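Below is one structure; the comments refer to it alone.
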């Protein structure tokens with residue numbers, strides 16, 4: 066692949082990109098994407114959230130999984146950073162803590178591909194005693 | 028933070044939290060002046076004078092999940108450690124400009140890091156926000172504007188996973204080029 070250096074290069078790439086995207090979206094409704102939010106506050110970044118997000122971006126594309134990856138703020142689990150929230154189509158969001166690239170790989174292979182739960186889930190509905 | 032690009036990634040999150048629609052990131056690396064200047068300008072909700080004065084205090088934060096906010100204090104500490112400084116210029120309702128100056132010859136100066144990755148990740152992670160990224164290395168300027176990119180891409184969403192790689196490559200190859208040119212005069 067030639068290096069992309071200008072907007073023109075990008076324009077030339079557009080066609081092949083478009084066909085690739087069309088191919089992927091065929092027969093699937095737009096809500097079928099896996100949605101992933103990476104916590105990107107100071108705590109997350111300092112623990113390596115950028116590496117995780119980069120890994121997710123590259124691997125999900127490589128493995129042909131339709132996904133939307135966005136950044137979000139601190140979810141309040143600073144002790145467990147980097148954290149990611151994965152929402153499978155039609156399912157409740159699940160938050161995973163202590164995600165490094167190895168864990169991210171496990172999440173893709175087990176949870177995203179097969180729906181199997183993996184270690185490291187942070188229960189979202191957890192309430193402290195003084196809240197009750 | 029391990030490198031300057033991570034600081035940038037972090038400070039951009041502040042702009043996003045302030046509901047900015049356009050964020051301008053400028054980096055000016057100048058060996059002759061022994062200066063790396065990073066400016067992040069947004070059109071978010073801005074800060075009051077009192078708040079702007081107190082944000083370098085780690086115990087000032089707008090977040091509700093905990094009581095400390097370390098993004099700006101850490102950046103300030105790192106800048107000052109190299110003999111540089113941090114300035115914040117904010118107008119309520121107008122936006123904020125935050126500038127950090129580093130002295131690259133200082134042994135405590137962190138490396139710039141994977142700036143191409145940071146910019147492309149931020150762009151992909153926030154498709155509805157526009158970013159302008161100006162990077163100057165020794166007088167040679169590279170400009171990246173998501174408005175132009177979005178125009179070229181047309182119907183293809185800018186946050187498509189396959190676009191991210193192209194954006195990163197676009198930035199990386201341009202930075203390598205301007206770095207190799209050297210001074211004009």
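Protein chains in written order, with the working numbering: chain D, 66 to 197; chain B, 28 to 212. Virtual Cβ for every residue (Gly too), placed ideally from N, Cα, C. Here the structure is a predicted model, which means the values were calculated and not measured.
8 Å Cβ cut-off: residues of chain B touching residue 83 of chain D: 182 and 183
3-residue-minimum beta strand (DSSP E) runs that sit fully inside the region 42-110 of chain B, ordered along the chain: 49-57 and 62-69
Closest residue to residue 127 of chain B among B/100, B/181, B/177 and B/145 (Cα-Cα distance): B/100
Local conformation of residue 123 of chain B per DSSP, three classes: strand
Separation of residue 123 of chain D from residue 7 of chain B, as counted between CA atoms: Residue coverage of chain B in this structure runs from 28 to 212, which leaves residue 7 of chain B outside it and unanswerable.
Cβ of residue 100 of chain D within 7 Å of any chain A Cβ: Included in the structure are the protein chains D and B, with no chain A among them.
Given residue 36 of chain B as reference, the closest of B/146, B/86, B/45 and B/80 once Cα atoms are compared: B/146
Local Cβ density within 10 Å of residue 123 of chain B, reported as buried at 16 or more and exposed below that: buried
Simplified DSSP state of residue 34 of chain B, which is helix, strand or coil: helix
Residues bridged to residue 250 of chain B [DSSP beta-bridge criterion]: Outside the modelled stretch of chain B, which goes from 28 to 212, sits residue 250 of chain B, for which no answer is possible.
Alpha-carbon to alpha-carbon, residue 154 of chain B and residue 69 of chain D: 21 Å
Residue 151 of chain D versus residue 119 of chain D - alpha carbon distance: 15 Å
Residues from the region 165-177 of chain B in contact with chain D, defined by Cβ distance under 9 Å: 175 and 176
Local Cβ density within 10 Å of residue 173 of chain D, reported as buried at 16 or more and exposed below that: buried
Residue from B/188, B/157, B/88 and B/206 whose Cα sits closest to the Cα of residue 166 of chain B: B/206
Chain D contacts from the region 101-134 of chain B (Cβ-Cβ distance under 9 Å): 101
Given 8 Å, three or more beta-carbon pairs between the region 53-62 of chain B and the region 159-173 of chain B: yes
Within chain D, the residues that residue 42 of chain B reaches when beta carbons sit closer than 8 Å: Within 8 Å Cβ-Cβ: nothing; residue 42 of chain B doesn't reach chain D, min ~12 Å.
Expected contact under 8 Å - CB spacing of residue 46 of chain B and residue 72 of chain B to nearest Å: 6 Å
Residue 155 of chain D burial status per 10 Å Cβ neighbour count (16 or more: buried): exposed
Reduced DSSP secondary structure (H/G/I, E/B, other) of residue 104 of chain D: strand
7 Å Cβ cutoff, residue 126 of chain D in contact with chain B: yes
Contact list for residue 151 of chain B against chain D, beta-carbon separation under 8 Å: 122 and 134
Distance CB(residue 131 of chain D)-CB(residue 98 of chain D) smaller than 7 Å: yes
Candidates B/136, B/119 and B/151: closest to residue 143 of chain B by CA position: B/151
Contact set between residue 221 of chain B and chain D, taken where Cβ atoms lie within less than 8 Å: Nothing can be reported for residue 221 of chain B: it is not among the residues displayed for chain B, which extend from 28 to 212.
Nearest-angstrom Cα separation, counted from residue 113 of chain D out to residue 164 of chain D: 9 Å
Minimum C-alpha distance to residue 50 of chain B - residue among B/70, B/65, B/31 and B/64: B/70
Distance between residue 185 of chain D and residue 197 of chain D (C-alpha atoms, nearest Å): Unreliable placement is indicated for residue 197 of chain D, whose pLDDT of 48 sits below 50; the coordinate value is still reported in the next sentence. Whole-angstrom Cα-Cα distance: 25 Å.
Selection from D/135, D/182, D/169 and D/187 that minimises the alpha carbon distance to residue 101 of chain D: D/135
Residue 118 of chain B versus residue 82 of chain B - alpha carbon distance: 14 Å
Exposed unless 16 or more other CB atoms sit within 10 angstroms - verdict on residue 178 of chain D: exposed
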